[in-house]
Structure formats: structure tokens, C-alpha cells
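S.K.: Right, I'll just put the structure down here and ask away after.
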Amino acid sequence: MATSSGSATADSPAAPAGVLRLLLVTSRPDLAGRLRRRLAETPVQVHAADPGLPVPRGVPPAFVPRTMADRPDASRAAAADDAAGVARPACPAGSAVRRGGQAAPATRQVALPAEADAVLIDLAEADAAAMDRALGLARRLSESPVPVLVLGVPSRTERLALYEAGALGFVRADADPAELSARLRSLSGTQRRAARAVKRLRDHSRHLDEQLRLAQRLQRDFLPRRMPGTATGRFAARLEPAAWVAGDFYDIFRLDEQHVGFYVADAVGHGIPAALLTVFVKKSLQTKHIRGKHYRLIPPEETLRLLNRDLLSAELQETPFITLVYGLYNETTREVVYARAGHPAPLLLGPEAGLEPLGRPDGPLLGIFPDAEFEACRRRLEPGQRLLLYSDGAERVAPGRRSDPRRLREVIQTAALLPVEALLEAVLDAVRGATEGRRLADDVTLVALEVTGGEEET
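Residue numbering for the sequence shown follows this note's numbering, beginning at 19 and increasing consecutively.
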């Protein structure tokens, strides 16, 4: 069996194949020698480290810390350890050890073996601080590929605390050498296999995050880059997804010299499946029928009927529940015509902060009933009024991310005198505030049409 002589250094050769490197964390200089003798007939190679200081913060958990400052009151033990190949953990330069109420500056540093296959923490020593040191080291190594065992027979309360900290088991001082060797090898192999699996998962998660970031950018590219200008009104919009990509979507687009089309869609759920449905909606929504040099604007109720037909004819494996409100704004007459498919009712905000829900008919959800019919509503808007469309995620303004439509209306009325962009941001702030530090419970989409002056043509 290969053993180290003199001070172990970071340049020490790796342990021979088949040898298991055990790091013994103890302040008893004679223990390492006794353990080496007990394990002499096994493939376990014992290295020792002094627990006088905790493992420094910031040390990569996958590796045993290389150095830790020698305690100033252990010079004799240090000399004995050096002769026996015992290495001591070291803290960063300038740190101090507190022992017996006295602080002492860090001094000599000795290197540890580059890696360990298992860690054994000595809890059998008569030291009141041993338990705290064992808990601290177990916590710091809990996510490493190195199994942590404890030497000693602590009380039930201490065992539970050490298990919670990350220790995998306990070893008696008189443990059978062959059994201990087999146990260490089994735990080390299991931990390293688990660590490799965790690394693969983290790599996959990192790759998935990159893909989702790309999907998020692509989805945002589908949103209008700038709002279409009109003579009698202006649009503003906000979309904040609950995840990387949203199941909400909106669009605002000019149809001809007088009309602007706009909609808010909400695929049930959020995330990738819902986001893919929003792409389907954008590509399938029919707003204009062109024949030769002539065209006809498709009324909102017919647009919803055609979209519902396309969703059902796609025969998707999962039923694509979608709510949507689609409208046409005539900038000449200031008239808006809209139809809804199970979507929250638009809100009409007056110049004096009066708020009117534009209710029925609400229409069925898209993608469920093949013979679904939708009805259109008309409303002539006056200068100073604002038409607000939103997805149901905007209603989650109550504490705990709960839905509260009445509270949403209060938020809107409180911010009624703000510029339209600031009004939408105030609603988003209320939704964010209700999360209590958690992520959004649902995607949030807001679209506003503010009617301005401008002469009405007759």
C-alpha cells in the first residue's frame, strides 16, 4: 500500500489505482498512525488534517480543501504530524483561530492531498467544540462527491443533527478493517456516481436555459417593434412572462388607412407548450380577405370563428384551450368593434377615473366546440378615454398571488391620471408586489388604446 512520507503537498502523485484515499479530520496526532496500522492490510490510504479551523468559505465543494492554517498552540503536534505525513487544513492568510477565548493569527500553512475519496471526522476526542466542527465540515462537504463519515458514537440528537448536515454514517473505533474498507469504497463509488449524475443534470439544465433564452428572444421578436400611429389615438402594451416564454401574446397592426387591428391571446397554462400555441395563433389569425385588387376586413366575430376552426382541424394531441379578445379600431370614427372568446372583458377608463367593464357577450373558449359562435360589440370612444385589454394574470394583485378583479380595478383607477405607459407599469408593479418575492403565478399582458383629439371625418 502506498503511503505518504513527510509533508503532503499539492504536487503529491495521485494514489495508485485501487487505493482509496481517506482524509481523517482529527486533532489527535496519534490517531492517524493507529488508523493506518489497523487498515494496513486494506487498500485504504490514510491522510490526516487538523480541524483547528473550519473549511474556508468559497472552497469548491467537489474537492477537499488543500490548506488550512496550523494552530499556534500545536507546534509539537505539527512536528509529529509532519513526520507521519499528516497534513493540516489552512485558512486564508491573515485569518485567525479562536481557541480557549484567545484569538491568534494564522501562521504556517501545510498542503493537503489534492483530493480525497472519503472524509472521516473524529468526534471521539474530548473536545467540547468537536461537534460544532463536525457539523460545519459536514455541511460544507454535503454537496461534494466525497462521502462524509463520523468516527464515534454520538447521542441520538447529535446523530440526527449530523445526518441533517450531510454525514452519511458513523464508524466505531473498533470497526472491522475489511468491513470499513468495503463500506468506504461503496459510499465513495455511490457518491461519485451521484456527483457525475448531478453534473450531467446541471449541464443539461444550463443547455436548456440557453435554449429557453433563445426561445424567449424569438417570441419577443414576434411582438410589434413599434406601435402603429393613428390620428385619434395611441397604443401601449406590456408583456411579462411567468417563465422564460409566455403563453400570453398580443399584437397591434395596421390593416388599412383607417383601421388598426389588435388582440390579446392567452393559451391555458404557461411555458413552452403554451408559447407554441401563441405562435400558431399569430400565424393563423385571419384579419383581411384579399381578392384581386380588392379586400375585405374580416369582422372580429368571424376572425374568431375561423381561428377556432383552424385550431380544431389541426387535431393537436393536447386540447388547445385559448382565450382571446380581438378588436378593430377605426381612427376616423373612433369606433372600436371587438369580439371575445372566453377572455376577460375590456375595461373602459374615463378621463375622470370612472371605470366601465365592457361585458357580455364573452363567447366560448377557442379550440373546444366546432360549432362555436361569437358576437361582436361596438363602442364609440371619446377623447380622453382609455380602452384596456388584459390577460387574467393581471388580476393576481392580491397578497399571495391570488386573483382579485376588484383589486385590479382599484389599481387602475388609482393610476388613472398617469400617462398610459405609466398606468400599465403601475398594474405590473401591483402584480409583482403580490408575489411576495416569488415568481409570477401567471403571464401578464396589458394592451391600452388611449383616445386623443383629432378631427372626425364625416
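All C-beta atoms in this analysis are idealised placements derived from N, C-alpha and C, irrespective of residue type, glycine included.
1. Kindly indicate the opening and closing residues of the alpha helix (DSSP H) around His-225.
2. Determine whether the beta carbon atoms of Val-164 and Ala-134 lie at a separation below 8 Å.
3. Rounded to whole angstroms, how far is the Cβ of Leu-467 from the Cβ of Arg-398, which I believe are closer than 8 Å?
4. Which residue or residues does DSSP assign as beta-bridge partners of His-307?
5. Give me the DSSP bridge partner(s) of Phe-392.
6. With DSSP as the reference, label Leu-464 as helix, strand or coil.
7. Leaving aside the five residues before and after Glu-374 along the sequence, list all residues of the same chain whose C-beta is less than 6 Å from its C-beta, in chain order.
8. What do you reckon, are the CB atoms on Leu-325 and His-277 nearer than 8 Å?
9. Quick test of the definition: if touching needs 3 or more C-beta pairs under 8 Å, does the region 452-459 touch the region 411-418?
10. Touch check for the region 349-369 and the region 300-309: three-plus C-beta pairs under 8 Å?
11. Go through the region 349-391 residue by residue and report every complete run of the beta strand (DSSP E) that reaches 3 residues or more, in order.
12. What does DSSP give as the partner residue(s) for Ile-340 in the beta ladder?
13. For Leu-186, I'd like the list of residues in its chain whose CB is within less than 7 Å of its CB, leaving aside the five on either flank, ordered along the chain.
14. Under 7 Å: does the beta carbon of Leu-198 sit that close to some heavy atom of the ligand SAH?
15. For Ala-283, which option in Arg-238, Gly-360 and Gly-289 has the closest C-alpha, if you only look at C-alpha atoms?
16. Rounded to the nearest angstrom, what separates Trp-262 and Thr-351 at their Cα positions?
17. Rounded to a whole number of angstroms, what is the C-alpha to C-alpha distance between Pro-317 and Leu-330?
18. Among Val-37, Gly-385 and Thr-248, which one has its Cα closest to the Cα of Leu-342?
19. To the nearest whole angstrom, what separates the beta carbons of Val-62 and Ser-160, a pair I think is in contact under 8 Å?
20. By Cβ distance, which residues of its chain are closer than 7 Å to Ala-179, with the 5 residues on each side in sequence left out?
21. Is it buried or exposed for Arg-158, if we count other Cβ within 10 angstroms and need 16 for buried?
22. Quick one, are the C-beta atoms of Leu-138 and Val-171 less than 8 Å apart?
23. Quick check on Val-37: does DSSP put it in helix, strand or coil?
24. Are the CB atoms of Pro-338 and Leu-295 within a distance shorter than 8 Å?
25. Drop a sphere of 10 angstroms on the beta-carbon of Pro-259, count the other beta-carbons inside from all chains shown, and report buried for 16 or more, exposed for fewer.
26. Measure the alpha-carbon distance for Asp-221 versus Leu-230 and round it to whole angstroms.
27. Taking only the alpha-carbon atoms, compute the straight-line gap between Pro-54 and Glu-197 and give it to the nearest angstrom.
28. Alpha carbon to alpha carbon, how far is Glu-319 from Leu-435?
M.R.: The relevant details are as follows:
1. For this step, residue 225 is matched to residue 207 along the sequence shown. Looking at the DSSP string, the run of the alpha helix (DSSP H) that includes His-225 is 195-239.
2. Within the sequence shown, the letter at position 146 stands for residue 164. Within the sequence shown, the letter at position 116 stands for residue 134. Between Val-164 and Ala-134, the gap from beta carbon to beta carbon is short of 8 Å.
3. As a position in the sequence shown, residue 467 is number 449, starting the count at 1. As a position in the sequence shown, residue 398 is number 380, starting the count at 1. Not a contact, Cβ separation roughly 13 Å.
4. Translated into positions along the sequence shown, residue 307 becomes position 289. His-307 pairs with Arg-314.
5. Working through the sequence shown from its first residue, we reach residue 392 at position 374. According to DSSP, Phe-392 bridges with nothing at all.
6. Translated into the one-based positions of the sequence shown, residue 464 becomes position 446. It is a strand residue.
7. Walking along the sequence shown from the start, residue 374 turns up at place 356. Shown here for Glu-374: same chain residues with a beta carbon closer than 6 Å to its own, the five before and five after excluded, namely Leu-366 in chain order.
8. Translated into positions along the sequence shown, residue 325 becomes position 307. Translated into positions along the sequence shown, residue 277 becomes position 259. With respect to the 8 Å criterion, Leu-325 and His-277 are not classified as neighbours on the basis of their beta carbons.
9. Yes: the two stretches touch, three or more of their Cβ pairs being nearer than 8 Å.
10. The answer is no - the region 300-309 does not touch the region 349-369, with fewer than three Cβ pairs under 8 Å.
11. For the region 349-391, the continuous beta strand (DSSP E) assignments of 3+ residues that do not extend past its boundaries occur at 353-359, 365-367 and 373-375, in sequence order.
12. Numbered from 1 along the sequence shown, position 322 holds the residue referred to as residue 340. Ile-340 is bridged by DSSP to Ala-285 and Leu-384.
13. Numbered from 1 along the sequence shown, position 168 holds the residue referred to as residue 186. The beta carbon of Leu-186 lies closer than 7 Å to those of Pro-165, Val-166, Leu-167 and Leu-205 in the same chain, with the five residues before and after it left out.
14. What this structure holds is no ligand at all, so the ligand SAH is not there to describe.
15. As a first step, residue 283 must be located in the sequence shown, where it is residue number 265. A check of alpha carbon separations from Ala-283 across Arg-238, Gly-360 and Gly-289 identifies Gly-360 as the nearest.
16. Here residue 262 refers to the residue found at position 244 when the sequence shown is read from its first residue. Here residue 351 refers to the residue found at position 333 when the sequence shown is read from its first residue. C-alpha separation (whole angstroms): 40 Å.
17. Here residue 317 refers to the residue found at position 299 when the sequence shown is read from its first residue. Here residue 330 refers to the residue found at position 312 when the sequence shown is read from its first residue. Approximately 20 Å between the Cα atoms of the pair.
18. If you number the sequence shown from 1, residue 342 lands on position 324. By alpha-carbon distance to Leu-342, the top candidate from Val-37, Gly-385 and Thr-248 is Gly-385.
19. Taking the sequence shown and counting its residues from 1, the one referred to as residue 62 is at position 44. Taking the sequence shown and counting its residues from 1, the one referred to as residue 160 is at position 142. Rounded to the nearest angstrom, the Cβ distance from Val-62 to Ser-160 is 23 Å, too far for a contact under 8 Å.
20. Working through the sequence shown from its first residue, we reach residue 179 at position 161. Counting only Cβ-Cβ distances below 7 Å, and skipping sequence neighbours, we find Leu-153.
21. As a working note, residue 158 is residue 140 in the sequence shown. That one is buried.
22. Here residue 138 corresponds to residue number 120 of the sequence shown, with the count starting at 1. Here residue 171 corresponds to residue number 153 of the sequence shown, with the count starting at 1. No, the pair does not count as a contact, with Cβ atoms beyond the cut-off.
23. Looking up residue 37 in the sequence shown gives position 19. Coil at Val-37, not helix or strand.
24. Counting from one through the sequence shown, the residue named residue 295 turns up at place 277. Counting from one through the sequence shown, the residue named residue 338 turns up at place 320. Yes, the pair counts as a contact, with Cβ atoms nearer than the cut-off.
25. On the sequence shown, residue 259 is found 241 positions in, with the first residue counted as 1. Under this definition Pro-259 is a buried residue.
26. Taking the sequence shown and counting its residues from 1, one reaches residue 221 at position 203. Taking the sequence shown and counting its residues from 1, one reaches residue 230 at position 212. Whole-angstrom Cα-Cα distance: 14 Å.
27. In the sequence shown, counting from the first residue as 1, residue 54 sits at position 36. In the sequence shown, counting from the first residue as 1, residue 197 sits at position 179. Sequence inspection shows Arg at residue 54; the Pro mentioned does not correspond to that position. So the two alpha carbons sit approximately 15 Å from each other.
28. Numbered from 1 along the sequence shown, position 301 holds the residue referred to as residue 319. Numbered from 1 along the sequence shown, position 417 holds the residue referred to as residue 435. Separation of Glu-319 and Leu-435 (C-alpha to C-alpha, rounded to the nearest whole angstrom) is 33 Å.
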